[in-house]
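Input: a single structure, listed below in structure tokens.
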Amino acid sequence: MEIVESIESLQQQLAHARAAGKTIAFVPTMGFLHAGHLSLLEEGRRRGDVLVLSIFVNPTQFGQGEDFEDYPRDLQQDCALAEAVGVDLVFAPSSAAMYPRGYATEVNVSGITAGLCGASRPTHFRGVCTVVTKLFNIVQPHVALFGSKDFQQLAVVKRLTQDLNLPIEIIGMPIYREADGLAMSSRNVYLDSEQRRQSLALSQAITLAQDLVKQGEGEVATVIAAVSRHLGAQSLIRSDYVAICHQLTLEPQQRIDKDSVLLIAAFVGQTRLIDNGYLMDLS
Ligand code: AMP
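Pasting the structure below:
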């Protein structure tokens with residue numbers, strides 16, 4: 002495995018691989034890898050001849066007063082984990098390399114970025130779309146893998162890829178959870194033990210909503226009220242949004258159907274967590 006900081010040298014190596022007829026699988030991350038990231042890398046390993054992992058804490062997707070400075074980083078440990086799952090190239094550029102002096106271009110996807118996380122973090126998706134476009138142009142992968150934990154991000158990246166005619170297959174991967182249900186996230190390290198205990202309310206609320214739907218509840222408002230009550234019963238949780246949307250358009254729904262997804266964002270103390278789940282089991 003090789004760790005590459007320079008954009009040019011990564012591009013050279015990948016040009017050789019492409020010329021040799023090899024397919025490239027790509028997993029973009031902000032590092033501090035956990036088992037959720039590793040599940041993406043394992044699938045990437047199966048789907049490409051060359052597996053590229055990027056580790057870049059992208060400053061442009063953090064808003065004022067958010068946790069850019071505090072975001073956990075551990076490149077050494079990340080590289081050990083990456084090597085163990087068979088990554089070929091770790092791309093870990095500096096901010097100065099990605100956004101040199103004079104940098105002036107942004108990529109903006111409208112519509113599906115307006116609600117949910119986009120409403121609470123108005124500059125977030127512009128930063129995500131900009132960095133993902135840059136990374137796609139640098140790596141030029143055949144397939145790129147994203148987690149459905151960041152459900153809106155996955156939808157936005159699919160939109161962007163389609164709209165800009167990028168010849169990249171976007172693969173959405175299931176949410177990887179701790180044994181007790183908490184969705185894995187690099188930000189979980191921020192939680193103290195009481196916050197960690199209360200954070201279970203997010204995944205519990207999703208199960209509760211799925212159970213209500215199983216019992217025949219079809220009204221979005223009723224399910225949202227039950228979820229909000231469950232979150233509100235935790236003293237350290239302040240919900241940011243609870244929404245039930247169509248899985249493709251992310252438009253809010255009135256009635257639950259096979260396309261309904263429940264999306265939650267909530268602060269546990271200072272830490273903002275997100276989680277989601279489909280409301281109908283189609284299996
Ligand atoms: P991040 O490093 O948080 O930007 O995440 C990098 C990628 O890993 C994104 O595509 C995330 O959706 C994905 N990811 C993060 N947490 C999980 C998880 N618990 N399960 C599956 N994928 C995840």
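Per this note's numbering, the sequence shown runs over residues 2 to 284.
For every residue, glycine included, the Cβ atom is placed at its ideal position computed from N, Cα and C.
{"Check": "Using only the heavy atoms of ligand 1, determine whether one of them is closer than 6 Å to the beta carbon of I169.", "Outcome": "no"}
{"Check": "For ligand 1, is there any heavy atom lying closer than 6 Å to the beta carbon of I172?", "Outcome": "no"}
{"Check": "Tell me the DSSP secondary structure of Y191 in three-state form.", "Outcome": "helix"}
{"Check": "Does the beta-carbon of Y191 have 16 or more other beta-carbons within 10 angstroms, so that it is buried, or is it exposed?", "Outcome": "buried"}
{"Check": "Enumerate in chain order the residues of its own chain whose CB-to-CB distance from A43 is below 7 Å, with the five nearest sequence positions on each side excluded.", "Outcome": "Here the sequence assigns Glu to residue 43, which means Ala is not the residue at that position. Excluding sequence neighbours, E43 sits near V86."}
{"Check": "Jot down the residue ranges of each uninterrupted alpha helix (DSSP H) in the stretch 6 to 82, minimum 4 residues, whole runs only, in chain order.", "Outcome": "8 to 20, 36 to 48"}
{"Check": "Can I176 be considered in contact with ligand 1, in the sense that its beta carbon sits closer than 6 Å to one or more heavy atoms?", "Outcome": "yes"}
{"Check": "Per the contact definition of three or more C-beta pairs closer than 8 Å, is the stretch 224 to 238 in contact with the stretch 246 to 254?", "Outcome": "no"}
{"Check": "Tell me where the beta strand (DSSP E) around M99 begins and ends.", "Outcome": "Element bounds for M99: not the beta strand (DSSP E) but the alpha helix (DSSP H), 96 to 99."}
{"Check": "So, with DSSP's three-state summary, where would you put D89?", "Outcome": "coil"}
{"Check": "Just list the residues that DSSP pairs T272 with in beta bridges.", "Outcome": "V269"}
{"Check": "Just to confirm, is the Cβ distance from M2 to E84 under 7 Å?", "Outcome": "yes"}
{"Check": "Can you tell which of Q196, A266, I25, E220 has its C-alpha closest to the C-alpha of R342?", "Outcome": "Here the chain comprises residues numbered 2 to 284, so residue 342 is not present and cannot be evaluated."}
{"Check": "Does the stretch 142 to 150 come close enough to the stretch 159 to 178 that 3 or more CB-CB pairs lie under 8 Å?", "Outcome": "yes"}
{"Check": "Can you confirm whether the stretch 55 to 67 touches the stretch 116 to 132 when touching is taken to mean that 3 or more C-beta pairs between the two stretches lie within less than 8 Å?", "Outcome": "yes"}
{"Check": "What residues in its chain sit with their C-beta under 7 Å from that of V158, if we drop five residues either side in the sequence?", "Outcome": "V133, F147, I171"}
{"Check": "Look up F147 in the DSSP assignment and give the residues it is bridged to.", "Outcome": "G173"}
{"Check": "Should R102 be labelled buried (16 or more other beta-carbon atoms within 10 Å of its own) or exposed?", "Outcome": "exposed"}
{"Check": "What's the C-alpha gap between D75 and F126?", "Outcome": "25 Å"}
{"Check": "Which ranges does the beta strand (DSSP E) cover as unbroken runs of at least 3 residues, wholly within the stretch 119 to 166, from first to last along the chain?", "Outcome": "144 to 148"}
{"Check": "Using a Cβ-based criterion (distance less than 6 Å to any ligand heavy atom), does A266 qualify as near ligand 1?", "Outcome": "no"}
{"Check": "Are there three or more Cβ pairs, one per stretch, closer than 8 Å when the stretch 226 to 234 is compared with the stretch 185 to 204?", "Outcome": "yes"}
{"Check": "In the DSSP output, what is H247 paired with across the bridge?", "Outcome": "S261"}
{"Check": "Name the DSSP beta bridge partners of E220, please?", "Outcome": "R256"}
{"Check": "Given 6 Å as the limit, tell me if M1 has its C-beta closer than that to any heavy atom belonging to ligand 1.", "Outcome": "No statement about residue 1 is possible, as the shown extent of the chain runs from 2 to 284 and does not include it."}
{"Check": "Taking the C-alpha atoms as reference points, what is the distance between E195 and D50?", "Outcome": "44 Å"}
{"Check": "Count the other C-beta atoms from every protein chain shown that fall within 10 angstroms of the C-beta of K135, then say buried if there are 16 or more, exposed otherwise.", "Outcome": "buried"}
{"Check": "To which residues of the same chain is F152 closer than 7 Å at the C-beta, ignoring the five residues directly before and after it?", "Outcome": "V262, L264, N277"}
{"Check": "On the CB-based measure, 16 or more other CB atoms within 10 Å of its CB, does L165 come out buried or exposed?", "Outcome": "exposed"}
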